[in-house]
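According to the working numbering, the sequence shown is numbered sequentially starting from 146. Glycine included, C-beta positions come from ideal geometry on N, C-alpha and C. Keep in mind it's a predicted model, so treat the numbers as computed, not measured. Please read the structure below before turning to the comments.
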Amino acid sequence: MSPIPNRRSAFTAALTAALLVPALAACGSGDNKSPGAAASPAAAASASTSAEPKAANLTVLAASSLTDVFKTAGAAYEKAHPGTKVNFSFAGSQELAAQVKQGAPADALVTADTKTMDGLKAETDGPAVIAKNRLVIAAGKGNPFKVDELKDLADTKIKVVLAAPEVPVGRYSKQILDAQKIEVKPVSQEANVRAVLSKVELGEADAGLVYKTDTLKSGDKVSVVDIPDAENAVASYPAARLKSSKNAEAAAAFVAWLSTPEAQKILQDAGFQKP
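Now the structure itself:
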């Protein structure tokens, strides 16, 4: 007699195994993964982009004309990112570039022109313009020499101070004066825009060319004379993470934040223009 029971048992075992395979596969693809299970590439990427960067102590090199607004922006960033500290080092863009070239320990850089940033391509990651600015004439308190337009700066009776030509605002100043064929003989050439403004505020100079944003907190120490758009220059402020940063993720997050609506409102409230 043939072993029918054995055949029936074998069939039952095979059927059970066949039913268990898809069930086990379904369990493996569900949300309840075992501790050692690897996430899919898509899930890993999503988690990476949404994760908050680790708290860090950041050093940001920034153009002098950003001194006031970046103090406000830094405080707002620290409030939104507990544990992160943003330390700023302000100077003329050319000084900042020299510091970067010399390997100064820093995490991010913001200059007052694209030319300086372009010269640091090997040291920076993908800069983005975060704001723009324009020049004005800062005349002495009460404007005693009645400076009304650019050509008035050619009067040798007026002590004019400019930024040095290697400084972005100095380069912009030369650009607009040359375009109007105006020859100005400055009594001094300063290392940054704040030094130019200070000379006028203290009465050591009668007039100077500075960024519009720099005069907003001068009160009645200076008289501001606007320069028509057709005779003016637009200053662009690019920001970038430094490749040498030891806080790469946090530095990139701060640079990206400068383009967010929150940061842009702070910049524009301080008189900067949209990028």
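Leaving out the 5 sequence neighbours to the left and right, which residues in its chain are closer than 6 Å to residue i when beta-carbon positions are compared?
i	result
T259	S381 and P383
D371	V281
R339	S209
A368	The residue asked about is misnamed: residue 368 is Ser in this sequence, not Ala. Same-chain partners within the cutoff: A284 and N288.
N177	In this predicted model, N177 has a pLDDT of only 39, less than 50, meaning its place in the structure is not dependable; the value taken from the coordinates is given anyway. Closer than 6 Å at the Cβ level, and outside the excluded window around N177, lies no residue.
V274	S381, P383 and P420
S390	D252 and A396
F290	I303 and D351
Q409	none
V355	A283, V338, V341 and L342
Does the distance from the CB of residue i to the CB of residue j come in under 9 Å?
i	j	result
K366	G353	no
V205	V245	no
K419	K277	yes
A375	V314	no
A395	D252	yes
P272	A385	yes
I448	A299	Because the chain spans 146 through 420 in this model, residue 448 falls outside it and cannot be assessed.
N232	L203	yes
T301	K330	yes
S234	A201	no
Under the rule that 16 or more other beta-carbon atoms within 10 Å means buried, what is residue i, buried or exposed?
i	result
G219	buried
E335	buried
T405	exposed
A308	buried
L342	buried
N392	buried
P310	exposed
A242	buried
A225	exposed
L403	buried
L361	exposed
K266	exposed
Q413	exposed
Contact defined as beta carbons within less than 8 Å: I believe residue i pairs with residue j. What is the distance between those atoms, to the nearest angstrom?
i	j	result
S333	V312	That pair is no contact at about 13 Å.
E346	S363	6 Å
K230	E223	6 Å
K304	D351	5 Å
T261	Q239	6 Å
Beta-carbon within less than 7 Å of residue i's beta-carbon, same chain only, minus the 5 sequence neighbours each way: which residues are those?
i	result
A221	E407 and I411
K388	E268, T269 and D270
V379	K277 and R279
A236	S209 and N337
P250	T204
D293	V370
Y422	Residue coverage of the chain in this structure runs from 146 to 420, which leaves residue 422 outside it and unanswerable.
For residue i, which residues from the same chain have a beta carbon less than 8 Å from its beta carbon, with the 5 sequence-adjacent residues on both sides left out?
i	result
Q325	L295, K296 and E376
F417	V214, A276, K277, N278, T358 and Y382
V400	A253, A273, A384, A385 and R386
G264	A242
P373	none
Any Cβ of chain D within less than 9 Å of the Cβ of residue i?
i	result
A283	No chain D is part of this structure, which consists of one protein chain only.
Residue ranges of each beta strand (DSSP E) run of no fewer than 3 residues wholly in the stretch 361-395, ordered along the chain? 367-371 and 379-387
Inside the stretch 304-366 only - beta strand (DSSP E) runs reaching at least 3 residues: 305-308, 333-335 and 352-356
Length-filtered (3 minimum) beta strand (DSSP E) runs lying within the stretch 240-277: 253-255
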